[in-house]
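Just so you know, we're using our numbering here: the sequence shown kicks off at 26 and counts up by one.
Every residue, glycine too, gets a C-beta built ideally from N, C-alpha and C.
Quantities reported herein were computed from a predicted structural model and do not represent experimental measurements.
For reference, the structure discussed in these notes is given below.
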Amino acid sequence: MSTQPAPAPPTDASPMDGFWHDTLAQADPQIHEAIRNELARQQDKIELIASENIASRAVLEATGSVFTNKYAEGYPGKRYYGGCDYADVVETLAIDRAKELFGCAFANVQPNSGSQANQGVFQAVLKPGDTILGMSLDAGGHLTHGA
26 MSTQPAPAPP TDASPMDGFW HDTLAQADPQ IHEAIRNELA RQQDKIELIA
76 SENIASRAVL EATGSVFTNK YAEGYPGKRY YGGCDYADVV ETLAIDRAKE
126 LFGCAFANVQ PNSGSQANQG VFQAVLKPGD TILGMSLDAG GHLTHGA
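Below, the structure written as structure tokens:
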């Protein structure tokens, strides 16, 4: 009788399997623990810092979803890039819910932080009358560059 271990069964595992399937606890236990501790702190303490907020578990789940990976410039059905079908579903639902909530005919639920960030840079480094290069969108420019 052999004392050697049986060979491992063949596997179709890919080096990318961990990328797609590992949880944060598996990929980085220290960061996972820090997040768990921060959650406990937020749940057990009253936060009196005006610039901080509390998001529900559902909101945290949505904001930590695969939509973090998706860039969906434009409006539902009229995007600059392809592959936005499900982003369109989410944004259309958000628009419809905002219109119902506020009793209005139109709503825009898109964040504008990229534009605000660019404006801050422009105001910090440019003087009235300065000229800047604004590349077209297909060359990597942004709408706030004048494209």
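- The three-state reading of DSSP puts tyrosine 105 in coil, since its state is none of H, G, I, E or B.
- Every unbroken stretch of the alpha helix (DSSP H) spanning 4 or more residues and falling wholly within the region 55 to 98 is given here in chain order: 82 to 88.
- For the alpha helix (DSSP H) assignment, the uninterrupted runs of no fewer than 4 residues enclosed by the region 109 to 156 are, from N- to C-terminal side, 110 to 127, 138 to 150.
- Here alanine 80 has Thr88 as same chain residues with Cβ atoms under 8 Å from its own Cβ, once five neighbours each way along the sequence are excluded.
- In terms of Cβ geometry, alanine 149 and valine 134 do not form a close pair [threshold 8 Å].
- The C-alpha of glutamate 116 is placed about 14 Å away from the C-alpha of glycine 108.
- Take the alpha-carbon of isoleucine 157 and the one of tyrosine 96: they are about 25 Å apart.
- Check the Cα spacing between proline 136 and each of Ala130, Glu98, Phe127: the tightest is with Glu98.
- Counting only residues of its own chain and dropping the five nearest sequence neighbours on each side, alanine 119 has a CB closer than 7 Å to the CB of Val134.
- The continuous alpha helix (DSSP H) containing leucine 49 extends over residues 49 to 52.
- Considering only Asp163, Asn62, Ile60, the residue with the shortest C-alpha distance to tyrosine 106 is Asp163.
- Its chain contains Phe92, Lys95, Ala97 as the residues whose beta carbon lies nearer than 7 Å to that of alanine 112, once the 5 sequence neighbours on both sides are disregarded; these appear in chain order.
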